[in-house]
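Each residue of the sequence shown is one higher than the one before, counting from 11 in our numbering. Heads up, the beta-carbon is just placed ideally off N, CA and C, and yes, glycines get one too. Below is one structure, written out as structure tokens, with a few remarks after it.
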Amino acid sequence: MSEREIGHPSRRRVLTIATIVIMSLLFVRLYQLQLLYHGEFGKKSQENSVRSVVKDPIRGYIHDRHGSLVVDVGPFYTITLTPIEYDARNTPFLAQLLGLNESLLAERIAKASAYSRFVPTRIKRDLDYESLAAIQENLYLLPGIGFEVEMKRTYPTKARATHLLGYNREITEAQLGRVGDYYRLGNVIGAGGLESSYETILRGQKGFTFFAVNAKGQVLGPFEEGTHDIAAKDGFDLILNVDVGVQAFAESLMTNYRGALVAIDPSNGGILALVSKPDFDPSIFSGVTPADLWTELNSDSTKPLFNRATMTRYPPGSTFKMVLAAAALDEKVITEHTRIQCYGAYRFGDRVFKDMHAHGSVNVVEAIQRSCNVFFYQLIMKVGFDKWTEYGRKFGFGRASGIDIGEETSGLLPSTSYYDRVYGKGRWTQGYLVSLSTGQGEVGVSPLQMAVYAAAIANGGTIHQPHAVQYIRNKRLNRLETVEQRSNPTGISQHTMDLIREGMRRAVHDPRGTGYAARISGIVSAGKTGTAENPHGVDHAWYIGFAPFDDPKIAVAIMLENAGFGGAKAAPIAGLVMERYLYGELKRYVPPLAPRATKPADSTRAITQVRTD
């Protein structure tokens, strides 16, 4: 364009307007950059010049009721990788130093990069000293690689308490999206038991150390002399109701059995011991658990990961007879003087329900003592289905107990509406009640529920919410905080409870009683045996009891899968556990128990012929 053309007045106006528009746009953009987006760009600039390093807190300790350390923490070394500083060409060499498969290491590095290029991510935990020395020797050749000291769970006592305590394991990618932003790849998290249910109490609060870095990501030193650093706050400790000596002793008695034992303080619901067998060593999860080991545990037919103390649902057998006795006495269907004749069998329609013995004329106390089936067969017909269900609920059956270790079954307490739903209204008969009267049929309970039931009988009729944790040690305020739990009266009369307790006392101390094998040297106790009929194999053995009789300090429920008669196998173990707790030792010589190898548990269904315990 010539100078003459530019000088034309109309063209000058167009050029002036265009210049003004362009300058206005530039001014607006400058305003956006300087004022509107100043915070955002300032933040990005600071992120590029400051790097934070997470400082994990020490997880809380776990102590038993006497102060013994049950779960400790010990140091181990972890290798970390910061993706932005790492040179992928070093992967073969790094894999060799760590003793890892190269493709597995590459996969972990890729996950670390996807998670964050700037945050150090754990790529190998629980490093042995030989590998650590090799890494330290070659660290100058491996930019982006570092190591840190972490703490892992250790177990200093003989007790495993696996299903009670739970364990720690490395968090999965799937979990990261569900548990909030506290965790990062490579962190551990509580899994099962108290470690899971008290996770936020035990884990503590993370700290952060800030470093200044240059444009290449190299650390220059502390950021602003560490004035912005945040100290980690260690997790709180748990003080349990559990007696670790009794726990270890109970575990030893149940070696090679499949089953569970729960011991409770009847005065408050505190868990004194909780055993589920088979179990596993919780320390195997403290570091990185090999995938093949996890697969092995999951595929094991004995189900060692399954908590039999809280999750099984078996018929309770004759241990459930006290529910029916309570209903009959409190509803005035019978009195303590009412006698029923037992000829060794009971006919209902065209079916005959047999007993193991002809007990003759018995009252309710004698029926509990000698476990007379015929007495209870006839009694449930007088009491009725609805009242039986009502009193079962009063004792806590058919609902979860609320124990603080998390997972538990509510069990199954049949009712009229349940049978109408399952079989159809009018399509079931009163014959179903005969099996229920002796704890057979569809009724299903856990050992935990049975321990709560035994404790309620022991204390005269109060259901205490079972709880393993007694106190939380608050390290911020330097004080012990009591773990609250609810208590509910059953509403059953004291007279009724006294009669039931007397029947259970005689069951243990009268030679004709079914629980005679549970006697404790020098202490009066009470109990009731039970056998859950198993049409697919050997029966399951039950025993519930408490001691001392006049001032109960411990209530116990034990279930042994495929172990046969409750009085022969379950009762002796329960008696020994109570004796060990009350005396602190055994007052008698006990020959080594020879537990039988058991088969995987079968389902148990209602049958028409049941045995006496």
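Bridge partners - D247, DSSP secondary structure assignment: D247 is bridged to R483.
Three or more beta-carbon pairs under 8 Å between the stretch 491-498 and the stretch 356-372, yes or no? Flag = no, the stretch 491-498 and the stretch 356-372 do not touch.
L487 and Y481 - do their beta-carbons sit closer together than 7 Å? The answer is no: Cβ separation not under 7 Å.
Taking buried to mean at least 16 other C-beta atoms within 10 Å of its own C-beta, is F295 buried or exposed? Under this definition F295 is a buried residue.
For the 8 Å Cβ check, are there 3 or more pairs between the stretch 423-432 and the stretch 365-385? The stretch 423-432 vs the stretch 365-385: no contact.
Taking its Cβ as the centre, do 16 or more other Cβ atoms sit within 10 Å of P166, making it buried, or is it exposed? By the Cβ neighbour-count rule, P166 is exposed, with fewer than 16 other Cβ atoms within 10 Å of its own.
Under the three-state reduction of DSSP, which class applies to I344: helix, strand or coil? When DSSP states are grouped into helix, strand and coil, I344 belongs to the coil group.
Can you tell me the Cα-Cα spacing of P102 and L263, whole angstroms? Using only the alpha carbons, I get a separation of about 51 Å.
Which residue marks the beginning of the alpha helix (DSSP H) containing R403, and which one marks its end? Membership of R403 in the alpha helix (DSSP H) is indicated by the continuous run 395-404.
Around the Cβ of H173, are there at least 16 other Cβ atoms within 10 angstroms (buried) or fewer (exposed)? Answer is buried; the Cβ neighbour count reaches 16.
I'd like to know whether the C-beta atoms of K134 and F86 end up nearer to each other than 7 Å. No.
According to DSSP, what are the bridge partners of F86? Partner(s): E160.
Around the C-beta of S371, are 16 or more other C-beta atoms found within 10 angstroms, so that it is buried, or is it exposed? S371 is classed as exposed because its beta carbon has fewer than 16 other beta carbons within 10 Å across all chains shown.
Is the stretch 524-531 touching the stretch 576-585 in the sense that three or more CB pairs, one from each, lie closer than 8 Å? These segments touch.
How do the stretch 440-448 and the stretch 232-240 stand: do at least 3 beta-carbon pairs fall below 8 Å, yes or no? Not touching, per the Cβ criterion.
Please classify S185: does DSSP put it in a helix, a strand, or coil? Looking at the sequence shown, residue 185 is not Ser but Gln. In this structure, Q185 counts as helix in the three-state DSSP scheme.
Where does A120 land, buried or exposed, given buried means 16+ other C-beta within 10 angstroms? By the neighbour-count rule (16 or more Cβ atoms within 10 Å), A120 is not buried but exposed.
Quick one, are the C-beta atoms of V81 and V254 less than 7 Å apart? The answer is no: Cβ separation not under 7 Å.
Answer with buried or exposed for R188, where buried requires no fewer than 16 other C-beta atoms within 10 angstroms of its C-beta. Of the other Cβ atoms in all chains shown, fewer than 16 fall within 10 Å of the Cβ of R188; this residue is therefore exposed.
What do you reckon, are the CB atoms on S286 and A270 nearer than 7 Å? Yes, the pair counts as a contact, with Cβ atoms nearer than the cut-off.
Under the assumption that R170 contacts A201 (Cβ atoms under 8 Å), give the Cβ distance between them as a whole number of angstroms. The distance from the Cβ of R170 to that of A201 is about 15 Å, inconsistent with a contact at the 8 Å cut-off.
Extent of the continuous beta strand (DSSP E) run through A201: According to the DSSP assignment, A201 belongs to the beta strand (DSSP E) that extends over 198-201.
Taking all protein chains shown into account, do 16 or more other C-beta atoms lie within 10 angstroms of the C-beta of F218, making it buried, or fewer, making it exposed? With fewer than 16 Cβ atoms within 10 Å of its Cβ, F218 is classed as exposed.
Counting C-beta neighbours from all protein chains within 10 Å, is the total for Y463 16 or more, i.e. buried, or is it exposed? Buried.
So that I know if they touch, is there some Cβ in chain B lying closer than 7 Å to that of I155? Protein chains in the displayed structure number just one, and chain B is not present.
Of the residues A143, E595, M366, the one placed nearest C352, counting alpha carbons only: Looking only at A143, E595, M366, the smallest Cα-Cα distance to C352 is reached by M366.
Mind the definition here: the stretch 374-382 touches the stretch 432-439 only if three or more C-beta pairs lie below 8 Å; say whether that holds. When C-beta atoms of the stretch 374-382 are compared with those of the stretch 432-439, fewer than three pairs fall below 8 Å, so the two segments do not count as touching.
Ignore the nearest five residues each way along the sequence and tell me which others in E50's own chain have a CB closer than 6 Å to its CB. Reliability fails at E50, whose pLDDT of 46 lies under 50, so the model's placement of it is uncertain and the value that follows must be treated cautiously. The answer is none, since no qualifying residue turns up.
Continuous beta strand (DSSP E) assignments of at least 3 residues falling wholly in the stretch 232-314: As far as the stretch 232-314 is concerned, its whole beta strand (DSSP E) runs of at least 3 residues are 247-250, 269-274, 281-287.
Return helix, strand or coil for P93, following the three-state DSSP convention. Looking at P93 - three-state DSSP - the assignment turns out to be helix.
Does the distance from the CB of G532 to the CB of G576 come in under 7 Å? Contact: no.
Cα-Cα separation between F246 and G454, rounded to whole angstroms: Rounded to the nearest angstrom, the two C-alpha atoms are 37 Å apart.
CA nearest to the CA of V375, picked from S277, G537, V252: When each option's Cα is compared against that of V375, the closest is G537.
Give me whichever residues DSSP pairs with C352 in a beta bridge. According to DSSP, which records beta bridges pairwise, C352 is partnered with G370.
Coil, strand or helix - L110 by DSSP: It is coil, neither helix nor strand.
Inter-residue Cα distance where the pair is N484 and G214: Each residue's Cα considered, the two are about 11 Å apart.
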